[in-house]
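Since the structure comes first, as structure tokens, the remarks are kept for the end.
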Amino acid sequence: MSLYSSDCGNVTVTPQLYVSACIEDCGTFGECRLLRSYSYLYAACVCKAGWSGWGCTDDVTAQSYGRQLTAVLLLTLSNLLFLPPIVIAVRRRYVTEASVYLFTMFFSTFYHACDQPGLTVMCIMDYDTLQYCDFLGSVCSIWVTVLCMARVRDTFKHMLFMLGTLLIAMSMQLDRRGLWNMLGPILCAVLAMVTSWVTIYPWGPPG
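Structural data, given as structure tokens:
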């Protein structure tokens, strides 16, 4: 009998495989995305805030927390410039216009706070909802401002406000980043303004 021989009997081996699209799911400073190049599909890490590498672990060019915080504060606090138009609109009893400006200021602030890379991120609701409301409010702000400058009758003006907002909302849902989402309402509003001025002031716009 051999010293090293033994009766092992039946042994069951259960292999387990784990496949990950990205290295450690790209860590804290990256996002694993499925990309397409021609007919090829592949997964890769998209790094944020200056981080790099296969798994977004290289911090050679990474932005400091202070720099990230400064960038997000400058971007979000710039929306406070909406306050003067809101105050002027309220004082002149343009309540509808002031409401649109307030809506735009609110969602633009929190959309940009949610759209930041790295650690300085604050999302009060779903990112897609914030983006949609920001884009919608921006175009509607232009729409109501130019129509207000047209000096049309209040009944007709508010009808155009509502009709234009519904059409803009539909257009945003179809293609949020389309050129005509911004260009179409601007051209229509400018046309209404010019038509109103020519009708009311045949010798030119009011001084």
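Per this note's numbering, residue 4 is the first one in the sequence shown, and the count goes up by one each step.
Just so you know, even glycine gets a beta-carbon here, dropped at the ideal spot from N, CA and C.
8 Å Cβ shell around residue i - same chain, five flanking residues per side excluded
{"i": "Gly-181", "result": "Ser-174"}
{"i": "Lys-160", "result": "Leu-150, Cys-151 and Ala-153"}
Residue j beta carbon less than 7 Å from that of residue i
{"i": "Leu-133", "j": "Tyr-114", "result": "yes"}
{"i": "Leu-163", "j": "Leu-150", "result": "yes"}
{"i": "Thr-123", "j": "Val-75", "result": "yes"}
{"i": "Ile-171", "j": "Val-142", "result": "yes"}
{"i": "Gln-71", "j": "Ala-52", "result": "yes"}
{"i": "Leu-110", "j": "Asp-129", "result": "Before going on, a small fix: residue 110 reads as Phe here, not Leu. No, they are not a contact pair."}
{"i": "Val-155", "j": "Ser-199", "result": "yes"}
{"i": "Met-152", "j": "Met-185", "result": "no"}
{"i": "Cys-35", "j": "Cys-50", "result": "no"}
{"i": "Gly-167", "j": "Trp-146", "result": "yes"}
{"i": "Thr-31", "j": "Thr-79", "result": "no"}
Beta-carbon proximity list for residue i, same chain, < 6 Å, skipping 5 on both sides
{"i": "Cys-126", "result": "Cys-117"}
{"i": "Phe-106", "result": "Gly-140"}
{"i": "Leu-37", "result": "Ala-46"}
{"i": "Cys-25", "result": "Cys-35, Ala-46 and Cys-48"}
{"i": "Gly-56", "result": "none"}
Neighbourhood of residue i by C-beta distance below 7 Å, restricted to the same chain and skipping five residues each side
{"i": "Glu-27", "result": "Gly-58"}
{"i": "Asp-62", "result": "Trp-54"}
{"i": "Ile-211", "result": "Lying outside 4 to 210, the shown extent of the chain, residue 211 is not represented and no answer is given."}
Residue i (DSSP reduced to helix, strand or coil)
{"i": "Ser-42", "result": "coil"}
{"i": "Gly-33", "result": "strand"}
{"i": "Asp-118", "result": "coil"}
{"i": "Ser-55", "result": "strand"}
{"i": "Val-211", "result": "Coverage of the chain is limited to positions 4 through 210, which leaves residue 211 absent and any answer about it impossible."}
{"i": "Ala-65", "result": "coil"}
{"i": "Ala-192", "result": "helix"}
{"i": "Val-49", "result": "strand"}
{"i": "Arg-179", "result": "coil"}
{"i": "Tyr-104", "result": "helix"}
{"i": "Tyr-97", "result": "coil"}
{"i": "Cys-2", "result": "In the structure displayed, the chain extends from 4 to 210; residue 2 sits before or after that span and is not available."}
{"i": "Leu-186", "result": "helix"}
{"i": "Ala-24", "result": "coil"}
{"i": "Ile-91", "result": "helix"}
{"i": "Met-162", "result": "helix"}
Presumed contact (8 Å Cβ cut-off) between residue i and residue j, rounded CB distance
{"i": "Tyr-135", "j": "Arg-179", "result": "7 Å"}
Interface flag, residue i vs chain C, CB-CB below 7 Å
{"i": "Asn-184", "result": "Reference to chain C is not applicable here, since this structure consists of a single protein chain."}
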